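A short worksheet on the structure shown next.
Numbering (our numbering), first residue to last: 70 to 179.
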């Protein structure tokens, strides 16, 4: 699954249509491509996910109680994130600590 994160906060009054337009303008992508688009609030305590699931547009909104989401440094543009990193972010964990496990090659007897 492709995950794109807006590095700058967005107006959290925006709903599905406003965020779909933001995907086109900020990401330069089609909001109906099946990727997950992640948006943050200014205070970093809220997150919105926008995704097309082949039957309709889905908007998920989460507010952390007593904490803030760990966000990438605010800059213009977008960044990619793995689905494992998104899961950590959504749980309120530090997604930067999620690294792919190294695959060990089997020893070949020779």
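C-beta atoms are modelled at their ideal positions from N, C-alpha and C, and glycine is treated no differently.
Keep in mind that this is a model prediction, so the values were computed, not measured.
- For residue 108, the enclosing beta strand (DSSP E) stretches over residues 105–109.
- Judged by beta-carbon spacing, residue 130 lies within the 8 Å limit of residue 115, meaning their Cβ atoms are closer than that value.
- Around the C-beta of residue 142, fewer than 16 other C-beta atoms lie within 10 Å, and the residue is accordingly described as exposed.
- Taking each of 87, 162, 95 in turn and checking the Cα distance to residue 73, the smallest one comes out for 95.
- Boundaries of the beta strand (DSSP E) around residue 75: 72–75.
- Ranking 160, 118, 147, 125 by CA distance to the CA of residue 133 puts 160 first.
- Spatial neighbours of residue 121 in its own chain (CB-CB distance under 8 Å, excluding positions within 5 residues in sequence) are listed in chain order as 100, 101, 102, 103, 127.
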